[in-house]
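So the sequence shown is residues 893 to 1230, counted in this note's numbering.
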Amino acid sequence: MTQNKIKFYVALQGNYSPPTYINLAKSIEQLGYDRIYVYDDLFYYPSIPILTLIAEHTSSIELGPCLLNGFYRHPALITTSILAIHEMAPGRTVLGLGRGAFYDFLGMDSREENTRMAFEENVKLVKHFLDLKKEKFSGKYFNANENAFLRIKSANIPLITGTWNEDMAYIAGQYCNEIQIADVWDIDYLNRLQNSFLIGNCENKLIQDPKFSIGGICCVSEDEEKCRKKVTETTIVYLPYLTRILDRCGVKYKETDIQKMSELSKAGKIEEAAKYVTDEMINTLTIWGTPRQVADKINKTLEKVKVDSIMFSVPFGVEDSVEQNLKLIREKVIPYIC
């Protein structure tokens, strides 16, 4: 399968100090990566202030949140926040939207149908505001009357959906410029997600040249044992929310093991929780290993799936410095991706 020039993204967590973000952003841009995402996870620093810093201290790299949802931040605030970032980084600002996660921490309704419908309304209302519409918007979760319109300059900001869900991929195809698949490395499932995305795009015909991006948790090191340990400890936190991927990819597991893993990880007992993580789980959800192993796995995926970009997310590697880990990927992995 012939691939176009592939872009490479870096996704950062919201747990660094402001000076660290400045240094990281400069380093990532100098290393030649194409985009920086900042996660907007619950109980971490919010992405918007961090992106403000990054925008001020970079000049060419694309940047944006990955991802915002309408429950934690209203679509009106999402719209004005991303436009503020765009003022600082015109032509290189993107907006990542999604269902959100960790609703169970707050006793909120986390049923898939509920969060998926809210996501669709969130995307529609953000587009409504960006398009400077002045008519009423009516939905189940979000509403706006004819007085709810921007009092600031709007912009054409690319919308990205972050997901690993086929129904969400279909919605993304209808309204968004790009889909960012995370934590899926099963080729059959990636093709199903891409198919759903393209069907949505063809039916609505709003977006020209939609982009398909893959990636997620990536750990690269010459020390396989340390690499597996780190990627396992990171995956544990998210794994209870990723069982649908495991189901779709035919990965066998015991529901009681997932429950134990969830309870232990929430209690901070990571080493105990790690006992319930199998190689099949982390190989399905993440990409890890030596530089050669990671490059080979990516290339095998690219032989079967048409991809426009690849996102690398923490942990990156086993070195203490994020810059060192990203430099290793840049120098020892990316040049060998066909």
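Glycine residues also receive a C-beta, built at the ideal position from the N, C-alpha and C atoms.
The alpha helix (DSSP H) with residue i in it runs from where to where?
i: glutamate 1155; result: 1147-1158
i: glutamine 1072; result: Here glutamine 1072 belongs to no alpha helix (DSSP H); instead the beta strand (DSSP E) covers 1070-1073.
i: alanine 1036; result: Alanine 1036 -> no alpha helix (DSSP H), and no H or E assigned at all.
i: arginine 1140; result: 1135-1140
i: valine 1210; result: Looking at the DSSP string, valine 1210 is not in any alpha helix (DSSP H), and its letter there is neither H nor E.
i: glycine 1107; result: Run containing glycine 1107: none in the alpha helix (DSSP H); it sits in the beta strand (DSSP E), 1103-1112.
i: glutamine 1100; result: Note, glutamine 1100: premise wrong, no alpha helix (DSSP H); not H, not E.
i: valine 1015; result: 1004-1022
i: valine 1129; result: 1116-1130
i: isoleucine 920; result: 910-923
i: alanine 976; result: 967-980
i: valine 1214; result: 1214-1224
i: isoleucine 940; result: 939-948
If we call anything under 8 Å between Cβ atoms a contact, is residue i one with residue j?
i: valine 1143; j: glutamate 1172; result: yes
i: aspartate 926; j: glutamine 905; result: no
i: threonine 985; j: isoleucine 974; result: yes
i: arginine 1222; j: leucine 916; result: no
i: leucine 943; j: proline 957; result: yes
i: tyrosine 1067; j: lysine 1019; result: yes
i: leucine 1194; j: isoleucine 1137; result: no
i: asparagine 1014; j: lysine 1028; result: no
i: proline 1102; j: asparagine 1057; result: no
i: phenylalanine 997; j: isoleucine 1202; result: no
i: asparagine 1093; j: glycine 1065; result: yes
i: cysteine 1141; j: aspartate 1078; result: yes
i: methionine 1009; j: lysine 1026; result: no
i: isoleucine 953; j: aspartate 1200; result: no
i: leucine 955; j: isoleucine 914; result: no
i: valine 1206; j: threonine 1126; result: yes
i: methionine 980; j: alanine 947; result: yes
i: isoleucine 1179; j: lysine 1192; result: no
What distance in whole Å lies between the Cβ atoms of residue j and residue i, which are believed to be in contact at a cut-off of 8 Å?
i: phenylalanine 1021; j: leucine 989; result: Contact doesn't hold; Cβ gap of about 13 Å is too wide.
i: phenylalanine 1204; j: alanine 993; result: Their Cβ separation, rounded to whole angstroms, is 20 Å, which puts phenylalanine 1204 and alanine 993 out of contact at 8 Å.
i: isoleucine 1049; j: leucine 987; result: 5 Å
i: isoleucine 1229; j: alanine 1166; result: The Cβ separation is near 30 Å, so there is no contact.
i: isoleucine 920; j: leucine 1218; result: 6 Å
i: lysine 1122; j: valine 1225; result: With a Cβ gap of about 16 Å, lysine 1122 and valine 1225 do not count as contacting.
Could you spell out the range, first to last residue, of the beta strand (DSSP E) harbouring residue i?
i: leucine 998; result: First-last for leucine 998: undefined, no H or E at that position.
i: threonine 1182; result: Looking at the DSSP string, threonine 1182 is not in any beta strand (DSSP E), and its letter there is neither H nor E.
i: threonine 1178; result: Note, threonine 1178: premise wrong, no beta strand (DSSP E); not H, not E.
i: arginine 927; result: 927-930
i: valine 902; result: 899-904
i: glutamate 954; result: 954-957
i: leucine 1051; result: 1051-1055
i: glycine 988; result: 987-989
Within a Cβ cutoff of 7 Å, which residues of the same chain sit near residue i, ignoring the five residues on either side of it in sequence?
i: asparagine 1039; result: none
i: valine 1214; result: Leu916 and Phe1208
i: threonine 894; result: A caution first: threonine 894 carries a pLDDT of 42, below 50, which makes its placement in the model too unreliable to give a value.
i: glutamate 1116; result: Gly1181 and Thr1182
i: leucine 959; result: Asp932, Gly988, Leu989, Gly990 and Gly1054
i: proline 910; result: Leu945
i: phenylalanine 1104; result: Ile1071, Gln1086, Phe1089, Lys1198, Val1199 and Asp1200
i: glutamate 1114; result: Thr1182
i: leucine 1220; result: Val1112, Pro1183 and Gly1209
To which residues of the same chain is residue i closer than 8 Å at the C-beta, ignoring the five residues directly before and after it?
i: threonine 1124; result: Ala1166, Val1169 and Ile1174
i: asparagine 907; result: Tyr936 and Tyr937
i: proline 1227; result: none
i: tyrosine 1145; result: Thr1135, Leu1138, Thr1170 and Met1173
i: isoleucine 1150; result: Leu1131, Pro1132, Thr1135 and Tyr1168
i: asparagine 1083; result: Lys1196 and Val1197
In chain order, what residues of the same chain lie with their CB nearer than 6 Å to the CB of residue i, ignoring the 5 residues before and after it?
i: isoleucine 940; result: Ser973
i: lysine 1196; result: Ile1079
i: leucine 1017; result: Pro967, Phe1029 and Phe1034
i: threonine 950; result: Ala917 and Glu921
i: serine 1002; result: Tyr995 and Asp996
i: glutamine 1216; result: none
i: aspartate 1212; result: none
i: lysine 1118; result: Val1210
Would the region 1083-1094 count as touching the region 1183-1193 if we require 3 or more Cβ pairs under 8 Å?
no
Please determine if the region 1153-1161 and the region 1039-1049 are in contact, where contact requires at least 3 C-beta pairs separated by less than 8 Å.
no
Are there three or more Cβ pairs, one per stretch, closer than 8 Å when the region 1054-1073 is compared with the region 1102-1113?
With a cut-off of 8 Å, the region 1102-1113 and the region 1054-1073 count as touching, because enough Cβ pairs lie within range.
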